[in-house]
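Q:
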Amino acid sequence: HIPPRTERMAVDQDWSSVYPTAATFKPGSVPLPVRMGYPVKRGVPPAKEGNLELMKIPNFLHLTPPAIKKHCAALKDFCTEWPSALDSDEKCEQHFPIEIETIDYISSGTSIRNPKARVVTLRVKLSNLNLDDHAKKKLIKLVGERYCKDTDMLTITTDRCPLRRQNYDYGIHLLTVLYHESWKTETWESEKAEEDMEEYIWENSRSQKNALDTLIRIKASENVSNVTKEELLASEVVKDYRNSVVALKNEGETENNMSRYKESVKKLLNIQ
Amino acid sequence: MAAGALMGVLAPYGGCGWSCASPSGPQGVGGGEKMAAGWLCRRLCQGSAFPVSYASRILQNQCFFQNSNLVGVRLAGSQANTEGPKTNPLVSISDEPETLYKRVSLLVKGHDKAVLDSYEYFAVLAAKELGISVEKVHNPPKTVERFTLLKSVHIYKKHRVQYEMRTHYLCLELKYLTSSTAAVYLEYVQRNLPEGVAMEVKKTKIEKIPEHIREPIWDTLPQVEETEVKS
């Protein structure tokens with residue numbers, strides 16, 4: 036019978052012409068003494084001729100390094116360079132603040148469609164949007180769970196439309212609506228109570244009233260001429276006290292904050 | 031006569047960009063060559079890239095030899111040599127700005143770890159050759175789905191058989207790709223995906239803030255009543 040092709044193959048042949056595309060393993064075309072399979076008792080794994088295991092497994096004989104290099108050299112013309120000005124994440128963030136994440140799914144099966152592929156996630160840092168203080172607080176209240184305070188990132192995930200393009204447009208629409216609504220001030224917003232405030236504001240709070248009352252009574256008992264509220268507010272000790280109270284309420288109780296509060300109270304009440 | 035020899039050489043390689051180079055005088059030949067070069071955009075075109083580029087490269091060498099003997103005849107090959115690096119006629123550049131992908135994450139799932147390892151070598155080498163920076167390559171832990179069934183068709187509850195399906199994962203994270211490069215790399219890598227292996231590609235696109243979110247429009251609107259709300 037005819038000897039297999041392997042015996043006529045030169046050592047320095049061009050392998051990419053033997054296996055140019057993905058093909059099953061042909062024992063007569065691969066000049067390697069490969070053995071695969073479970074060995075018989077006191078024997079060796081079966082040889083490559085007629086070996087089903089070798090034929091079943093996907094082989095990468097068509098993707099040897101020289102073949103990959105040839106393919107990439109031909110494909111290199113179609114690639115474009117990344118702009119060199121955007122070489123770090125911070126610069127990307129500064130020039131292109133919005134990040135859009137989409138996922139594609141590839142698998143073998145009867146259908147190439149995957150319903151999960153229409154999900155679009157939009158991420159933006161609020162510091163990059165043009166928002167003032169009130170607008171930012173209102174936006175955070177409107178958005179609720181989708182805002183992460185630690186990274187200052189707003190994440191909008193849309194999948195209510197059947198197509199990815201529609202979901203992307205809907206996400207951008209949501210962002211636009213949120214932005215413009217947060218700049219509007221409704222009439223009922225003036226009824227915002229102290230419980231709704233996100234951070235502690237010292238002006239017009241009980242702490243300010245108590246401190247001022249105490250100071251006025253101290254001054255009255257020392258029989259000094261009536262100092263006005265504005266003078267008291269502008270004085271150094273009261274400012275110091277205000278800063279320490281605000282820091283305590285907003286940042287929590289740390290060693291630093293507590294010691295600052297102690298110092299400011301001592302200065303306020305003039306005790307050593 | 032050299033041009034005739036050139037045409038003889040051209041005939042077997044029918045499908046390349048030199049087909050417009052007919053011996054209609056130097057001007058015609060020059061014009062034809064400029065036309066092919068001027069038609070430049072950067073989009074991946076369908077059609078077999080490999081045989082054509084090989085053919086046109088072989089053509090280059092042969093043109094060069096014949097050209098050296100004859101001074102007066104202007105051949106298409108000679109003009110390409112003096113122009114600089116050869117421009118691929120399949121490449122087309124369009125004016126629209128490229129979308130930028132900050133990160134492209136490939137998650138490859140398969141039942142056989144050896145296949146995934148070979149695929150990893152292939153994908154990493156391809157990325158390196160195309161100039162794409164690979165940020166991280168790691169193997170998330172495999173998930174095993176096991177279930178227990180009755181061994182027999184009827185009764186024999188105490189004798190069961192257990193099956194399991196192992197899914198191995200491979201995660202490749204690439205950084206900073208343009209849309210053309212991403213399209214090229216993903217198509218190459220997906221065409222060579224082995225049978226029985228699945229892939230999920232997560233692309234993170236970066237964009238500027240759209241025009242309508244730059245400024246709040248309430249300032250620019252004319253004074254309308256409160257009830258009319260525009261978004």
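Protein sequences, first through last, are from chains A and B.
Take the first sequence: its letters are residues 36 to 307, numbered as in my numbering.
Take the second sequence: its letters are residues 31 to 261, numbered as in my numbering.
Just so it is clear, CB atoms sit at the ideal spot from N, CA and C, and this is done for glycine as well.
Counting C-beta neighbours from all protein chains within 10 Å, is the total for residue 249(A) 16 or more, i.e. buried, or is it exposed?
A: With fewer than 16 Cβ atoms within 10 Å of its Cβ, residue 249(A) is classed as exposed.
Q: One question on the structure: do residue 279(A) and residue 296(A) come within less than 8 angstroms of each other, judged by their Cβ atoms?
A: Contact: yes.
Q: Any beta-carbon of chain B closer than 8 angstroms to the one on residue 299(A)?
A: Answer no: the Cβ-Cβ gap between residue 299(A) and chain B never drops below 8 angstroms.
Q: By alpha-carbon positions, which one of 159(B), 195(B), 137(B) ends up nearest to residue 108(A)?
A: The shortest Cα separation from residue 108(A) among 159(B), 195(B), 137(B) belongs to 159(B).
Q: Could I get the ranges of all uninterrupted beta strand (DSSP E) runs contained in the stretch 66-131 of chain A, with 3 residues as the minimum, in chain order?
A: Within the stretch 66-131 of chain A, no complete beta strand (DSSP E) run reaches 3 residues.
Q: In the DSSP assignment, find the unbroken beta strand (DSSP E) run with residue 131(B) in it and report its ends.
A: From DSSP, the beta strand (DSSP E) with residue 131(B) extends over 130-140.
Q: Kindly indicate which residue of 162(A), 256(A), 158(A) has the alpha-carbon position closest to the one of residue 181(A).
A: Of the listed residues, the one whose Cα sits closest to residue 181(A) is 158(A).
Q: Please check if any C-beta of chain B sits within less than 8 angstroms of the C-beta of residue 224(A).
A: Judged by the 8 angstroms Cβ criterion, residue 224(A) is not in contact with chain B.
Q: Listing by chain order, which chain A residues have their CB less than 9 angstroms from the CB of residue 229(B)?
A: Those within 9 angstroms of residue 229(B) in chain A are 139, 140, 141, 142.
Q: Closest Cβ-Cβ distance between residue 186(A) and chain B: below 8 angstroms?
A: Residue 186(A) does not count as touching chain B.
Q: What first and last residue would you give for the beta strand (DSSP E) that runs through residue 228(B)?
A: It spans 228-237 - the beta strand (DSSP E) in which residue 228(B) sits, taken as one unbroken run.
Q: With DSSP as the reference, label residue 204(B) as helix, strand or coil.
A: In the structure shown, residue 204(B) sits in a strand (DSSP, three-state: E or B).
Q: Give a yes or no on whether the minimum CB-CB distance between residue 328(A) and chain B is below 8 angstroms.
A: No answer is possible for residue 328(A): the residues shown for chain A start at 36 and end at 307.
Q: Where residue 102(A) and residue 224(B) are concerned, what is the direct C-alpha to C-alpha distance, given to the nearest angstrom?
A: Going by the C-alpha atoms only, they are around 16 angstroms apart.
Q: Taking residue 50(A) as the query, report the chain B residues whose CB atoms sit under 9 angstroms from its CB, ordered along the chain.
A: What residue 50(A) touches in chain B: nothing, since even the nearest Cβ is about 15 angstroms away.
Q: For the stretch 142-157 of chain A against the stretch 192-199 of chain A, are there 3 or more C-beta pairs whose distance is under 8 angstroms?
A: Because the criterion of three Cβ pairs below 8 angstroms is met, the stretch 142-157 of chain A and the stretch 192-199 of chain A touch.
Q: If you measure between the beta carbons of residue 63(A) and residue 40(A), is that distance less than 8 angstroms?
A: Yes. Within cutoff.
Q: Using 8 angstroms as the threshold, is the C-beta distance between residue 190(B) and residue 179(B) below it?
A: Yes, they are a contact pair.
Q: Quick check: residue 246(A) and residue 303(A), are their CB atoms within less than 8 angstroms of each other?
A: Result yes, Cβ atoms of residue 246(A) and residue 303(A) sit closer than 8 angstroms.
Q: Can you give me the C-alpha to C-alpha distance between residue 146(A) and residue 140(A), rounded to a whole angstrom?
A: When rounded, the distance between both Cα atoms is 11 angstroms.
Q: In chain order, what residues of the same chain have a beta carbon less than 7 angstroms from the beta carbon of residue 181(B), not counting five sequence neighbours either side?
A: So the list reads 189, 190, 191, once near-sequence residues are dropped.
Q: Just list the residues that DSSP pairs residue 192(B) with in beta bridges.
A: DSSP, once it has assigned bridges, lists 178(B) as partnering residue 192(B).
Q: Is the distance from the Cβ of residue 216(A) to the Cβ of residue 164(A) below 8 angstroms?
A: Not closer than 8 angstroms, so no.
Q: Quick check: the Cα distance between residue 83(A) and residue 185(B), rounded to an integer number of angstroms?
A: Straight-line Cα distance between these residues: approximately 43 angstroms.
Q: Terminal residues of the continuous beta strand (DSSP E) containing residue 163(B)?
A: It spans 163-168 - the beta strand (DSSP E) in which residue 163(B) sits, taken as one unbroken run.
Q: Can you give me the Cβ contacts of residue 198(B) inside the same chain, cut-off strictly under 8 angstroms, excluding the 5 residues immediately before and after it?
A: Correct list, in chain order: 139, 140, 141, 142, 143, 146, 169, 172.
Q: List, in chain order, every chain A residue whose beta-carbon is nearer than 9 angstroms to that of residue 199(B).
A: In chain order: nothing, as chain A lies at least about 14 angstroms away.
Q: When you compare the CB of residue 194(A) with every CB in chain B, is at least one pair closer than 8 angstroms?
A: No, because no Cβ of chain B sits closer than 8 angstroms to the Cβ of residue 194(A).
Q: Compile a chain-ordered list of the residues in the stretch 92-113 of chain A whose CB is closer than 9 angstroms to at least one CB of chain B.
A: Those residues of the stretch 92-113 of chain A that come within reach of chain B (Cβ to Cβ, closer than 9 angstroms) are 92, 93, 94, 95, 97, 98, 100, 103, 104, 105, 106, 107, 108, 109, 110, 111, 112, 113.
Q: The alpha helix (DSSP H) with residue 159(B) in it runs from where to where?
A: Counting along the chain, the alpha helix (DSSP H) containing residue 159(B) begins and ends at 143-159.
Q: Can you give me the Cβ contacts of residue 198(A) inside the same chain, cut-off strictly under 7 angstroms, excluding the 5 residues immediately before and after it?
A: Hits under 7 angstroms: 153.
Q: Is residue 160(B) a contact residue of the ligand GDP, with contact defined as CB to any heavy atom under 7 angstroms?
A: This structure simply doesn't include the ligand GDP, nor any ligand for that matter.
Q: Can you give, in chain order, each stretch of the beta strand (DSSP E) that sits fully within the stretch 154-196 of chain A and has at least 3 residues?
A: The qualifying runs are 155-160, 188-193.
Q: Could you compute how far the alpha carbon of residue 306(A) sits from the alpha carbon of residue 241(A)?
A: Distance between the alpha carbons of residue 306(A) and residue 241(A): 22 angstroms.
Q: Count Cβ pairs between the stretch 89-102 of chain A and the stretch 110-119 of chain A that sit closer than 8 angstroms; are there 3 or more?
A: No, because fewer than three Cβ pairs between the stretch 89-102 of chain A and the stretch 110-119 of chain A fall closer than 8 angstroms, the two stretches do not touch.
Q: Check the Cβ-Cβ distances between residue 234(B) and every residue of chain A, and say whether any is below 8 angstroms.
A: By this cut-off, residue 234(B) is an interface position.
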